[in-house]
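Read the structure below first, then the notes.
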Amino acid sequence: MKIAICVKEVPDPTAEKRIDPGTNRLVRTGENTLNPYDRHAIEEAVRIKESGVETEISIVLVGPASAARTVDKALAQGGDRSVHLADDGLADSDILATSRALAALLERDAYDLVLFGQQASDAECYVMAAAVAERLDRPCVSQAASLTLDGSTLRVKRQVETGYDTVEMPLPAVVSVSDAINEPRYPSLPAIMGAKRKPHEVLSLADAGIDPDTVGGAGSRTTVRGLSKPAGRGASVRIEDDGTAAEKILAFLVENKVVV
Amino acid sequence: MSATTSTKPIDPLDYLEIDTLLSDEERLIRDTVRAWVQDTIVPNVGDWFEEGTLPMSLAAELGRLGLFGMHLDGYGCAGASSVAYGLACLELEAGDSGIRSFVSVQGSLAMFAIWKWGSEEQKQQWLPAMATGERLGCFGLTEPDAGSDPGAMRTHARRDGSDWVLNGAKMWITNGSVADVAVVWAQTDDGVRGFLVERGTKGFTTPDIKKKLSLRASITSELVLADVRLPADALLPEVKGLRGPLSCLNEARYGIVWGAVGAGRACYEAALDYAKTRIAFGKPIAATQLQQQKLAEMATEVNRGLLVALQIGRLKDAGLVRPEHVSMGKFGNARGALEVARMARTVLGANGITLEYPVIRHMNNLESVYTYEGTHDVHALVIGGAVTGHQAFR
Ligand SMILES: Cc1cc2nc3c(=O)[nH]c(=O)nc-3n(C[C@H](O)[C@H](O)[C@H](O)COP(=O)(O)OP(=O)(O)OC[C@H]3O[C@@H](n4cnc5c(N)ncnc54)[C@H](O)[C@@H]3O)c2cc1C
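In the order they appear, the protein sequences are chains Z and B.
1 is the number of the first residue of the first sequence in the working numbering; add one for each residue after it.
1 is the number of the first residue of the second sequence in the working numbering; add one for each residue after it.
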């Protein structure tokens, strides 16, 4: 079983996000790290491996050369090898362009299963898995809350608003896992120290056979035309506590028939 | 000299940008231990401290993380650098000195003694199981009447045929009653020797020491040895004399150089956070000159201590460290952390005396840290001896 996990390097999610007013883009010059949602995808792959299925876990990342650190972090979390597409020509890629690059990388090796985290903590788009699956022409399920392998069939419990859907699909397939699927483990010291020694493949666009005009700014079709703060919720009521806040909240809830 | 100044704002939590002196791998190890401590230790340790316990389920977790004997090579140990080991100690002690002690005693005292001075069979038998946390160890040097002066120990081992018979008592032994194996140092006709005493050996008991007001989330015991008969292969064959135990203490002390910075940092961060949110006379107390003076002192001490630790760590990794270096680190950093803790305590007002905040717990713990692994005075005498050439205490 060959599993690929597509991981992203994101600005430190605990730091405040800043938008550059000139470019309308997120400032990425601060501390960067592994997208926390991707840790759940890696953990799930490790669990499949630990269940006894012979598995090779590949970490796949599209990002600048400096993201090598994030690759090692992902390998420490659990991974056997990495494929890192690092090329200046990738700068300014949007979802369309990045999904093209990822799909090209994923087509180089015959992966049975491609896993994603549910979202990236920077752009919060939730759609990369679907975009890549579309390009690969593979079945795709998002918000997976559990995965069960049965030969070449994957059974996925999918979290929906009203409960769970159970979906069966043939491999190869693409799945984005929910952050409720598991509790990622802390990497052990030997795993951290061993990450550097695992096989690392670093590719340029030319190495990966990707036409530079189809990625980066040239291959992107989205532009940010303007930014604005979300409109406040019109009907909100602000209660300052002068000792009677509890009563006021209760009265509000009763009036709106939330409690009776 | 460059005349330009950085436009990067000051980070109150890494004032001198000491992070830039660490490698990616060192930072990842540090961040991992920090996150584990934040999740596992911080929310619970106040209760453990109050109850005077430390859950032994932590052993398996620490073992899985690879933190026991992490700076040793082979036998299932991770073989990390001294700086990486120091960073782990710092983060563990930012949680609680008791947790760091648990790990120090296992790795730097018990495992190190076996790793450095044990036979191949002893290493095979104990080290892999101790690295995973399946087996625990303790280190018995101090006695009721011999602390700073271990040469005055009364515990002795006498030969009887090929066996050894041990009599005596050890005091203040961390992990004593939970250990599967005790490294016990005893006088023999041949000078001080080390012995591996397994739990359950006839005549060997480990009553716990109660009523501590410091290091309460840590188990401290007596080791009582009444005609304890050991086979010849219980002896650590490779060392004779006080050099044996002192070599181990030097390892553990090195961890304290870092650990103390962690305890101090936790107190500084708690005080900074508190000062920014506590309003008195209509403004945050952080905006008052008196509290700022304290925060400035604390920030300076934490940064200074960390640089000292890092320098000693780099010396150690280069094979250039001397016990006198480690003494200076322990001397300066344990005192510095205690001063930070006391200052932080006052910033928190009444909240500074409860276990709802970490500060008084660290403050009380640091009283032990100040005393064990060589008292503050003894380290002063080591440094004094090194700078004057006159040994004042021996
Ligand atoms: C919580 C805790 C855990 C411990 N864990 C362990 C353990 O796991 N294993 C172990 O073996 N020990 C352990 N110890 C013991 C610790 O190492 C000793 O307490 C320490 O070495 C000091 O010894 P003492 O308490 O006998 O003090 P003493 O040596 O009696 O010192 C009393 C005072 O006299 C001063 N003094 C001593 N000699 C001189 C001198 N020459 N000149 C000037 N002043 C001097 C000291 O600085 C101190 O102020 C632990 C202690 C504590 C508190």
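Just so it is clear, CB atoms sit at the ideal spot from N, CA and C, and this is done for glycine as well.
In whole angstroms, what separates the C-alpha of VAL224(B) from that of GLU143(B)?
One alpha carbon belongs to VAL224(B), the other to GLU143(B), and they sit about 10 Å apart.
Comparing C-alpha positions only, which one of GLN124(B), LEU230(B), PRO245(B) and GLY319(B) sits nearest to ASP160(B)?
The shortest C-alpha separation from ASP160(B) is found at LEU230(B).
Just mark ARG233(Z) as buried or exposed, buried being the case when its beta carbon has 16 or more other beta carbons within 10 Å.
The residue is exposed, with fewer than 16 neighbouring Cβ atoms inside 10 Å.
Among ASN364(B), LEU381(B) and LYS202(B), nearest to GLY46(B) - alpha-carbon criterion
Here the closest residue by C-alpha is ASN364(B).
Taking the alpha helix (DSSP H) that GLN292(B) belongs to, which residues open and close that run?
From DSSP, the alpha helix (DSSP H) with GLN292(B) extends over 289-317.
beta-carbon THR220(B) near ligand 1 non-hydrogen atom, thresh 7 Å
Yes.
Quick one: which chain B residues come within Cβ less than 7 Å of ALA76(Z)?
Going along chain B in sequence order, the residues near ALA76(Z) (Cβ under 7 Å) are LEU28.
For TYR75(B), which of GLY241(B), LEU22(B) and GLN125(B) has the nearest alpha-carbon?
Among GLY241(B), LEU22(B) and GLN125(B), the Cα nearest to that of TYR75(B) is on GLN125(B).
Who are the near neighbours of PRO128(B) in its chain, counting only those whose CB is closer than 8 Å to its CB and skipping five residues on each side?
Same-chain partners within the cutoff: TYR75 and GLY76.
Check the Cβ of LEU189(Z) against every Cβ in chain B and list those closer than 7 Å, keeping chain order.
Within 7 Å of the CB of LEU189(Z), the CB atoms of chain B belong to ILE29, LEU65, GLY66, LEU67, MET70, ALA78 and ALA80, in sequence order along the chain.
Following the continuous beta strand (DSSP E) through ARG81(Z), name the residue where it begins and the one where it ends.
Element bounds for ARG81(Z): 81-85.
Tell me which residues share the same chain as ASP213(Z) and place their Cβ nearer than 8 Å to its Cβ, disregarding the 5 neighbours each side in the sequence.
Answer for ASP213(Z): GLY219, listed in chain order.
Distance, ILE18(B) Cα to HIS83(B) Cα:
The sequence shown places Val at residue 83(B), rather than the His named in the question. If you take the alpha carbons of VAL83(B) and ILE18(B), they lie about 13 Å apart.
Can you look up GLY389(B) in the DSSP assignment and give me helix, strand or coil?
Correct three-state label for GLY389(B): coil.
In the DSSP assignment, find the beta strand (DSSP E) that holds ILE3(Z) and state where it starts and stops.
Where ILE3(Z) is concerned, the enclosing beta strand (DSSP E) stretches over 2-7.
Taking only heavy atoms of ligand 1 into account, decide whether any of them is closer than 7 Å to the Cβ of CYS138(B).
Yes, Cβ of CYS138(B) sits closer than 7 Å to a heavy atom of ligand 1.
For a test of your reading of the model: does the CB of VAL378(B) fall under 7 Å from any non-hydrogen atom of ligand 1? Yes or no.
Yes; taking the cut-off as 7 Å, the Cβ of VAL378(B) has a heavy atom of ligand 1 nearer than that.
Since LEU87(B) and ARG154(B) are thought to touch, with beta carbons under 8 Å apart, how far apart are those beta carbons, to the nearest angstrom?
Not confirmed; about 39 Å, so no contact.
Selection of the stretch 183-217 of chain Z by Cβ proximity to chain B, strictly under 9 Å
Legend: CB atoms of the stretch 183-217 of chain Z lying less than 9 Å from CB atoms of chain B belong to residues ARG185, TYR186, PRO187, SER188, LEU189, PRO190, ALA191, ILE192, MET193, ALA195 and LYS196.
Check each residue of the stretch 195-228 of chain B: if its Cβ is closer than 8 Å to any Cβ of chain Z, include it; give the result in chain order.
Residues of the stretch 195-228 of chain B that bring their beta carbon within less than 8 Å of a beta carbon in chain Z are absent altogether.
If you measure beta-carbon to beta-carbon, which residues of the stretch 1-25 of chain B are closer than 8 Å to chain Z?
Within the stretch 1-25 of chain B, contact with chain Z at the beta-carbon level (separation under 8 Å) is assigned to ASP24 and GLU25.
Can you find a heavy atom of ligand 1 that lies under 7 Å from the Cβ of TYR268(B)?
The answer is no for TYR268(B).
Report the partner residues of ALA182(B) according to the DSSP bridge assignment.
Looking at the DSSP output, ALA182(B) shares a beta bridge with CYS138(B) and VAL197(B).
Any C-beta of chain A under 8 Å from that of THR32(B):
Among the chains of the structure shown, chain A does not appear; the protein chains present are Z and B.
For LYS123(B) and GLN38(B), I'd like the C-alpha separation in whole angstroms.
Between the C-alpha atoms of LYS123(B) and GLN38(B) there is a straight-line separation of about 33 Å.
Can you determine whether any heavy atom of ligand 1 sits closer than 7 Å to the C-beta of THR53(B), and answer yes or no?
No; taking the cut-off as 7 Å, the Cβ of THR53(B) has no heavy atom of ligand 1 nearer than that.
Less than 7 Å between C-beta atoms, sequence neighbours within five positions excluded: which residues of the same chain meet that for ARG39(Z)?
Excluding sequence neighbours, ARG39(Z) sits near GLN77 and PRO184.
Best match in SER146(Z), LEU189(Z), GLY217(Z) and ARG197(Z) for proximity to ARG47(Z) [C-alpha to C-alpha]:
Checking every option, the nearest Cα to that of ARG47(Z) belongs to SER146(Z).
Closest by CA to PHE112(B), which one among ASN175(B), MET130(B) and LEU242(B)?
Checked all of ASN175(B), MET130(B) and LEU242(B); the closest Cα to PHE112(B) is MET130(B).
Secondary structure of SER97(B), DSSP reduced to three states:
In this structure, SER97(B) counts as helix in the three-state DSSP scheme.
Tell me which same chain residues have a C-beta within less than 8 Å of the C-beta of GLY395(B), skipping the five on either side of it?
As displayed, chain B neither begins before 1 nor continues past 394, which places residue 395(B) out of reach and without an answer.
Report yes if the C-beta distance between ALA260(B) and GLY305(B) is below 8 Å; otherwise report no.
A contact, by the Cβ cut-off of 8 Å.
State the start and end residues of the unbroken alpha helix (DSSP H) segment that holds GLU247(Z).
Following the DSSP letters along the chain, one finds GLU247(Z) inside the alpha helix (DSSP H) bounded by residues 245-255.
Find the residues of chain B that neighbour GLY69(Z), judging by a C-beta separation of less than 7 Å, and give them in chain order.
Here the sequence assigns Arg to residue 69(Z), which means Gly is not the residue at that position. For ARG69(Z), the chain B residues whose C-beta falls within less than 7 Å of its own C-beta are ASP24, listed in chain order.
Assuming the contact rule is C-beta atoms closer than 8 Å, ALA337(B) and GLY264(B) should be a hit. Round their C-beta distance to whole Å, please.
Sure, about 4 Å apart at Cβ, within 8 Å.
Could you tell me if HIS390(B) is buried or exposed, where buried requires 16 or more neighbouring beta carbons within 10 angstroms of its beta carbon?
Counting Cβ neighbours within 10 Å, HIS390(B) comes out exposed, since fewer than 16 surround it.
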